[in-house]
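Visitor:
2 protein chains.
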Amino acid sequence: MKNKIKILRAEHELTQQQLAEKVDVSRQTINAIEKGKFDPSLPLAFKISKLFNMSIEEIFQNE
Amino acid sequence: MKNKIKILRAEHELTQQQLAEKVDVSRQTINAIEKGKFDPSLPLAFKISKLFNMSIEEIFQNE
DNA sequence: TTTTAATGTAAAGTTTGTTTTACAAATATA
DNA sequence: TATATTTGTAAAACAAACTTTACATTAAAA
Numbered sequence: 000m001k002n003k004i005k006i007l008r009a010e011h012e013l014t015q016q017q018l019a020e021k022v023d024v025s026r027q028t029i030n031a032i033e034k035g036k037f038d039p040s041l042p043l044a045f046k047i048s049k050l051f052n053m054s055i056e057e058i059f060q061n062e
Numbered sequence: 000m001k002n003k004i005k006i007l008r009a010e011h012e013l014t015q016q017q018l019a020e021k022v023d024v025s026r027q028t029i030n031a032i033e034k035g036k037f038d039p040s041l042p043l044a045f046k047i048s049k050l051f052n053m054s055i056e057e058i059f060q061n062e
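So the sequence lines, in the order shown, correspond to chains B and V. Be aware that the first sequence starts at 0, since it is given in numbering that gives the first Met the number 0, and climbs by one per residue. Be aware that the second sequence starts at 0, since it is given in numbering that gives the first Met the number 0, and climbs by one per residue.
1. Output the distance between the C-alpha atoms of D38(B) and N2(B), rounded to the nearest integer angstrom.
2. Can you give the Cα-Cα distance for K5(V) and L18(V), rounded to whole angstroms?
3. Exposed or buried, A9(V), counting other C-beta atoms within 10 Å across all chains shown (16 or more means buried)?
4. Which one or two residues does DSSP pair with S40(V) in a beta bridge?
5. Using a Cβ-Cβ distance cut-off of 9 Å, determine whether L7(B) contacts chain V.
6. Measure from the C-beta of A19(V) to each C-beta in chain B and report whether the shortest distance is under 9 Å.
7. Specify the secondary structure class of N30(V) as computed by DSSP and reduced to three states.
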């Protein structure tokens, strides 16, 4: 699953650490998701999409 | 996290077993998600939302 | 160029999602 | 009512998400 977190993070001028804190996970989790090592849980996907004011589908693309 | 799977399943006249097969998980997984025992993974949430032609946000409500 | 901040990565451990097997309870059908 | 189908649930095992610690690399700033 692909995602636009890195781009959104850049647009909002957030470091991985800052984003991690805002959605309450570790920096490594953000890094791993950005690098496609695994997909976020649904609750985390919701937190991220709310933070950026976007739908989950706009941020995460299945396949 | 709440969801409308049971309702959607009824509308589409699908058993838990049939839905499980369509989204490629076990019946127990569907049952557990319906009963709120745990949240689906993001990939599974995508499969379910595509099956019902709805957005993830329409089916799953965070908190 | 030196120092600091940010990112990439890895291993070990915990938690959560999922499967399999199995059985009991509820609902529909004969 | 008897039988079959559907749903609820539970335990053991495994997989995926996530944490913590730790260090190396890259990029930015002094």
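Just so it is clear, CB atoms sit at the ideal spot from N, CA and C, and this is done for glycine as well. No experiment lies behind these values; they were computed from the predicted model shown.
Guide: So, from the listed chains and residues:
1. 9 Å
2. 10 Å
3. exposed
4. S40(B)
5. no
6. no
7. helix
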